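>
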Amino acid sequence: MRFRAKIVDLACLNHFSRVINTIAKLAKSCTLRLTASKLYFILSDRVANGGVSMWCELCQGNFFDEYQMEGVAVDHNEIYLELMPENLSRALKTAQSAKAVKIKLTNKHSPCLRVAVELPSLSSSSRIVTHDIPVRVIPRRLWNDFREPSVPDFDVSLCFYISYGVRSLILPWGILAVGFGEEKGQKRES
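Heads up: the sequence shown begins at 1 in my numbering, then just goes up one per residue.
#1: Taking all protein chains shown into account, decide if L142 is buried (16 or more other Cβ within 10 angstroms of its Cβ) or exposed.
#2: From the DSSP output, in three-state form, read off A100 for me.
#3: Looking only at DSSP bridge pairs, what is W55 linked to?
#4: Grab me the residues of S168's own chain with a C-beta within less than 8 Å of its C-beta, minus the 5 sequence neighbours each way, in chain order.
#5: Comparing C-alpha positions only, which one of H15, P85 and K25 sits nearest to D132?
#6: Give the C-beta separation of E78 and L34 to the nearest angstrom, bearing in mind that I take them to be a contact with Cβ-Cβ under 8 Å.
#7: Could you give the first and the last residue of the continuous alpha helix (DSSP H) run that contains R147?
#8: Skipping 5 residues on each side, what residues in its chain have a beta carbon closer than 6 Å to that of K104?
#9: Exposed or buried, what is V74 when buried is set at 16 or more other beta-carbons lying within 10 Å of its beta-carbon?
#10: Excluding the 5 residues preceding and the 5 following L122 in the sequence, name in chain order all residues of the same chain whose CB lies nearer than 8 Å to its CB.
#11: Could you check where the beta strand (DSSP E) with I138 kicks off and where it finishes?
#12: Considering only the alpha carbon of each residue, which of F41, H76 and V72 lies closest to L83?
#13: So does the region 58–65 actually touch the region 5–13, counting three or more Cβ pairs closer than 8 Å?
#14: Near S89, which residues of its chain fall below 7 Å by C-beta distance, leaving aside the five closest residues on each side in sequence?
#15: Would S17 be called buried (16 or more neighbouring beta carbons within 10 Å of its own) or exposed?
#16: Let me know the secondary structure DSSP gives T35 once reduced to three states.
#17: For N77, does the three-state DSSP call read helix, strand or coil?
#18: Can you tell which of N107, S126 and L81 has the C-alpha that lies nearest to the C-alpha of V101?
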């Protein structure tokens, strides 16, 4: 298994950081599924116990300038990792003004996601801040627990292009109002 990615564009880095911050506020622990073309952040608590489910799908081409991934086998070209998104969020906070961020799966004493942040400096050499985020590799026999959930047909679709909108929708647990013009409207309290 190998995974290596690099973000150079500051706008992509900021957008990726906002997505991770939102996920960190929703879950203490989640599953990161890596494929050749996408990253998935999955939270699947037991709904019977009052748990919450989340499925976040990111196209790697929208965020990363370099992306290399080799799965556990040729026929199963995927990697499943369990991690704490808060740790990844904290590591990305140091990258606010970074030149580049590299993320790599390593195995020194235990599996880790290494986040190397290249910061600008006044001298000719750059400063590199490294964060090692512990992860747990999920064995292949448990992968079926993390399949895409079936979503029932819906009547209303909301699209938020800025993650601040998603945050304000999720965090207050208050009133969600959707307007359809001046006369019509739908209001839902949770």
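C-beta: ideal position from N, C-alpha, C; glycine also. Since we're looking at a predicted model, the values are computed, not measured.
Based on what the coordinates show:
#1: exposed
#2: strand
#3: I42
#4: Its pLDDT being 49, under 50, S168 is placed unreliably by the model, and the measurement read from it follows with that caveat. Once the five neighbours on either side are set aside, S168 has no close Cβ partner at all.
#5: P85
#6: 7 Å
#7: No alpha helix (DSSP H) contains R147, which DSSP labels as neither H nor E.
#8: R4 and R114
#9: exposed
#10: none
#11: Counting along the chain, I138 falls outside any beta strand (DSSP E), and DSSP gives it neither H nor E.
#12: F41
#13: yes
#14: I20, N21 and A24
#15: buried
#16: coil
#17: coil
#18: S126
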